[in-house]
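The listed protein sequences derive, respectively, from chains A and B.
Be aware that the first sequence starts at 1085, since it is given in my numbering, and climbs by one per residue.
Be aware that the second sequence starts at 302, since it is given in my numbering, and climbs by one per residue.
Idealized CB from N, CA, C, for every residue including glycine.
Just so it is clear, the structure is predicted and the values come from calculations on it, not from any experiment.
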Amino acid sequence: MNYLEMYNNQTVSINDIPKLKYVEFMESNLQLLKNKPERHCVNYFGVKNENNITVYCCIADDNKHQLYISSSILASDATLSSLTAQNHNFEKFEREIHENFGIAYFDHPWLKPFRFSHNRSDKNISIADYPFYSTESEELHEVGVGPIHAGIIEPGHFRFICNGEQILHLEIQLGYQHRGVEQLFLHKTKLLERATLAENIAGDTTVGHTTTFSNLWESLCDFTPDHSLQFSRTLALELERIAIHTGDLAAICADIAYQLGNSVYGRLRTPIVNFFQEWGGNRFAKGLIRPGKINFPFTPELAQRLSDIFIAYERDFNEMSEQFFSLPSVLSRLEKTGIVTSDEALEIGMVGIAARSSGLVRDIRYSHPNNLYIKSFMHKPKIKIQGDVFSRVKLREEEIHQSIFYCKKLLENIPEFKKPENIPFSPGSNKFTLALTEGWRGEICHCAITDENGNLKNYKIKDPSHHNWMALAQSVRNNEISDFPVCNKSFNLSYCGHDL
Amino acid sequence: MFDNLKIVWHQGKQFIPDVTTEQVPGIFRGRPIITNEKVDEEAFVELCPTKAIGSSSICIDLGKCTFCGECAVQFPNKIKFTTDYKLSTNIRERLVIYEGNDKPIEVDPTTVRKEIHRIFGHSLKLRQVSAGGDNSCEWELTASNNVQFDMSRFGIDFVASPRHADGIVITGPITQNMAEPLERCYNAIPEPKIIILAGTDAISGGIFADSAAIDRSFLSKYHIDLYIAGNPVHPLTIINGILDFTRKKR
Ligand code: SF4
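Dropping the structure here:
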């Protein structure tokens, strides 16, 4: 066997992962993906050893609910043939390996800097020297936007090549938000420090990342979370989805200058985030999800509160949505704008709500379920096929309804909560753990590797934005540049989640 | 048209009438109170993820605290978080809460530059720069201008160009890669101008304080006018902080 089969949140011995020669490794992983739309690469990363580098490739199979893990050892100064040349799923992953370890790929089509991490192998170039694609032309012009944007959002640089108002090409340069999160995971050894790091990976996905970290850590330390912990994580994940999707609908309205929608959706987000505050003291659920315990038990009173909130929310949300999705002036801005076809989505390796808007059935809640997905309800992903802004916006509305339904289902059966107590966790030695969670934006993947003493040797984080930034660049081609903001909002990708 | 009006009618009044006295729902973690109870000091100091708890005379630095609440869970008789969301001041030391101290955190009007009240007291335009911010403080800064909190009723707005701005609101621990863009943005703002740090990450670096990927040299070069504590900052903390700073009379 060229790979190890495992499941989501399973811990395996690192020695059981096959070590292949690079040529075999490459061939095997490319074969796994060939003509298999149900499979994609969820993580591919390098780990520095004393004299060389081990790369691990993790392929998910959504039909078999399995993960296929393989590895290869590379010399530090290796020049290799790239997987990207044959499958674009690997494009970002290989750029990252190139940047961090100096591995060269002679046939990678776009081997550019990735995020200018502080520990990059080539410190001679800085973020100001990014080699943008450019074109010599009398007719075309370039538009540079960023790193600081007009609104209150995170920084990143967008470079457009336009023919008049029409976008021919967009290149997105990231890295401005790089805080060294993965390295800090190794330096900070206390559990609470690591949980705090996890909740700051992307503050709009606090629950997504802390749940992934907690599930991973418990598996790595051979601890089985009880029903109350699973309940809290599942409920919080769905609440986070409702809150952010609602905020996104408000932002879309702002971008098409529909003031009423902006105000109503904007204020409808408040009761949901305020509920997080009532439950755990923080509107973004910081401090709520922790490995092995929860400091804020979910009580029947909270359940009653949440039911009441949903009643008021749904009344206003439905009235607003009915109007919003039937206004011709709204539809004309959203329909057939920013299309990503399902072939393109597959080639890019898109995930999450954006992938589901382009016809790909990618949803961890259904393909690699964790926590109470399956146990309390069967999740059936909602799919759109047009891949335009409208699909991504409409899907948000539909997913909000679905999430409310799931929350209500969970509220039917509230578990007993134990007094929070600190579990003396100790990770196994020479282990490999992989955790996947469907955050509101899409698939979150964390991987941990321990050394012979059970210390963390590597902690790899992948936010769904990692895959989807390329999809945004693709979606705006041949669109008017004035439609860029609404395309961008329809993806709402994370800068800090990408830059780490 | 009529459908739109119906929605407006159904929404009713959404704005918070008095943002200075509004109560926040639930168990919001605002200004803590530390009692004089004796505890295992070493364990108490040790548990904090961001070294916000100081020993000898026990204190919590809200500029470093991530408001995780862990200390209050493990030492419930020693520390209690109140729902007091007024966590803004122009004096960094005032964010340090000492044992037995139950006094509000305030702006010290005597140390606010003379021209601030006169020039910014009725209108303040701010440019926001996220420099490694995790997008939670950014969401809350946006929320402070939604129909409920409605900060612009006080003439306080966020603007797109630094040239239209009276000051800068920084979020995030300031990454190396953002150090130069931040400085350039600040330089593009006309004088007189102010600097506001919003959130734990901006004030102290938070959990990222000792990361090799951040560069906080910008902060040692300039005077910081206002510190707004929180993780993320609450919209009411933001609005009250800015109002206190620009309007409180000596
Ligand atoms: S609430 Fe603040 S002081 Fe207490 S442990 Fe958390 S970070 Fe430290």
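message: Taking the straight line between their C-alpha atoms, what separation do you get for A:His-1225 and A:Leu-1321?
response: 43 Å
message: Run through chain A and tell me which residues come within less than 8 Å of B:Val-309, C-beta to C-beta.
response: Leu-1344
task: Taking A:Ala-1286 as the query, report the chain B residues whose CB atoms sit under 7 Å from its CB, ordered along the chain.
output: Asp-435, Asn-436
Under 9 Å between C-beta atoms of A:Ser-1316 and A:Ile-1373: yes
task: Consider the C-beta atom of B:Pro-350 and the heavy atoms of the ligand SF4; say whether any pair is separated by less than 8 Å.
output: yes
message: Cutting at 8 Å between CB atoms, please list the residues of its own chain near B:Gln-477, excluding the five before and the five after it.
response: Ala-514, Ile-515, Asp-516
message: Would you call the stretch 1339-1346 of chain A in contact with the stretch 1521-1530 of chain A, where contact means no fewer than 3 C-beta pairs closer than 8 Å?
response: no
message: Is it buried or exposed, A:Asp-1206, if we count other Cβ atoms within 10 angstroms and call 16 or more buried?
response: exposed
query: When you compare only the Cα positions, how much space is there between B:Ile-359 and B:Tyr-399?
result: 6 Å
- prompt: Regarding A:Ile-1373 and the ligand SF4, is the C-beta to nearest heavy atom distance less than 8 Å?
  reply: no
Check: B:Phe-368 C-beta below 8 Å from any heavy atom of the ligand SF4: yes
field: A:Asn-1136 - DSSP class collapsed to helix/strand/coil
entry: strand
task: Assuming B:Pro-482 contacts A:Pro-1239 (C-beta within less than 8 Å), just tell me the rounded distance between them.
output: 7 Å
message: What does the Cβ neighbour count give for B:Arg-464, buried or exposed, with the cut at 16 atoms within 10 Å?
response: exposed
message: Any heavy atom of the ligand SAM closer than 8 Å to the beta-carbon of A:Leu-1556?
response: Although the ligand SAM was asked about, the structure shown includes only the ligand SF4 as ligands.
Span of the beta strand (DSSP E) around A:Ser-1156: 1150-1159
- prompt: For B:Ile-420 versus B:Pro-493, is the C-beta spacing smaller than 9 Å?
  reply: yes
Closest Cα partner of B:Ile-255 within the set B:His-418, B:Glu-371, B:Ser-521, B:Ile-525: Given a span of 302 to 551 for chain B in the structure shown, any question on residue 255 of chain B remains unanswerable.
- prompt: Is any heavy atom of the ligand SF4 found at a distance shorter than 8 Å from the C-beta of B:Ala-530?
  reply: no
- prompt: What residue range is occupied by the uninterrupted alpha helix (DSSP H) comprising A:Lys-1242?
  reply: Reading the sequence as shown, one finds Phe at residue 1242 of chain A and not Lys. From DSSP, A:Phe-1242 is part of no alpha helix (DSSP H) but of the beta strand (DSSP E) over 1241-1247.
message: Can you determine whether any heavy atom of the ligand SF4 sits closer than 8 Å to the C-beta of A:Arg-1278, and answer yes or no?
response: no
- prompt: So, using beta-carbon positions, are A:Ile-1237 and B:Glu-342 closer together than 9 Å?
  reply: no
- prompt: Is it true that the CB of A:Gln-1250 sits closer than 9 Å to the CB of B:Asp-304?
  reply: no
task: Kindly indicate which residue of A:Met-1090, A:Asn-1171, A:Met-1434 has the alpha-carbon position closest to the one of A:Leu-1117.
output: A:Asn-1171
query: In this structure, what does DSSP give as the bridge partners for A:Arg-1374?
result: A:Lys-1377
field: Cβ neighbours of A:Ile-1049 in the same chain (closer than 8 Å, five flanking residues each side left out)
entry: The structure shown does not extend to residue 1049 of chain A, since chain A spans only 1085 to 1584, so no value can be given for it.
- request: Compute the beta-carbon to beta-carbon distance between A:Lys-1541 and A:Asp-1535, rounded to the nearest angstrom, for a pair I have assumed lies under 8 Å.
  value: 4 Å
is_contact[B:Phe-291, chain A] using C-beta, thresh 9 Å: It is not possible to answer for residue 291 of chain B, since the shown part of chain B is limited to 302 through 551.
query: Is the beta carbon of B:Lys-552 less than 9 Å from the beta carbon of B:Thr-501?
result: Nothing in the structure corresponds to residue 552 of chain B, since chain B is present only between 302 and 551.
query: Once you ignore the five residues that flank A:Glu-1500 on each side, which residues in its own chain have a CB closer than 7 Å to its CB?
result: Ser-1312
field: Terminal residues of the alpha helix (DSSP H) in which A:Met-1404 lies
entry: 1384-1408
- prompt: What's the C-alpha gap between A:Ser-1154 and A:Ser-1166?
  reply: 16 Å
Alpha helix (DSSP H) runs wholly inside the stretch 1437-1475 of chain A, at least 4 long, in chain order: 1448-1451
- prompt: Hey, quick one: how far does the alpha helix (DSSP H) through A:Ser-1303 stretch, first residue to last?
  reply: 1290-1304
field: chain A residues whose Cβ lies nearer than 8 Å to that of B:Ala-513
entry: His-1202, Asn-1203, Gly-1264, Gln-1267
Residue span of the beta strand (DSSP E) that contains A:Asn-1086, given as start and end: Taken as a continuous stretch (DSSP letters only), A:Asn-1086 belongs to no beta strand (DSSP E), as it is neither H nor E.
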